[in-house]
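Quick note, the sequence shown lines up with residues 39 to 136 if you use the numbering used here. Glycine included, C-beta positions come from ideal geometry on N, C-alpha and C. Presented below is the structure to which this report refers.
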Amino acid sequence: AALAREERKGGVNKNNMMLAAGGRRVNRPMHNHSKEAKSVLRGWFYRNLDNPYPSEELKRFFAQQTGLNQAQIATFFTNERKRYPNPPWWDRSKTTGA
């Protein structure tokens, strides 16, 4: 009950906690990307399903357009590729030994 009260007061949220050195718990703020940023990045991703790997130059462009940094852009595309079922860019013949 005390933890629920803390969560309501804006305190610790179990989903945002991580362990620091020494095993103590610290808050880690959530960083959700804006709808506009996700729309720009997902739009490019789905238009480029045959090769959804943006160049460094394109990542810099996306960073300027969305307000995200290049690491966030790279992570977004990594996660989006992981979520996509039956990706056309993945050559199954390389993993089956055929």
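Which value, in whole angstroms, describes the spacing of the CA atoms of residue i and residue j?
i       : j       : result
Asp-88  : Asn-124 : 12 Å
Lys-120 : Thr-113 : 11 Å
Phe-115 : Tyr-91  : 7 Å
Ala-75  : Leu-106 : 8 Å
Trp-82  : Tyr-122 : 14 Å
Asn-117 : Ile-111 : 10 Å
His-71  : Lys-97  : 15 Å
Gln-108 : Asn-86  : 19 Å
Glu-95  : Tyr-84  : 19 Å
Ser-93  : Thr-104 : 16 Å
Lys-73  : Gln-102 : 16 Å
Taking 7 Å as the cut-off, is the CB of residue i close to at least one heavy atom of the ligand GDP?
i       : result
Ala-109 : For the structure depicted, the ligand GDP is absent and the ligand set is empty, with no information on it obtainable.
What residue range does the alpha helix (DSSP H) around residue i cover?
i       : result
Ser-77  : 73 to 85
Asn-117 : 108 to 121
Can you round the beta-carbon distance between residue i and residue j to whole angstroms, since I take them to be within the 8 Å contact cut?
i       : j      : result
Phe-100 : Leu-79 : 6 Å
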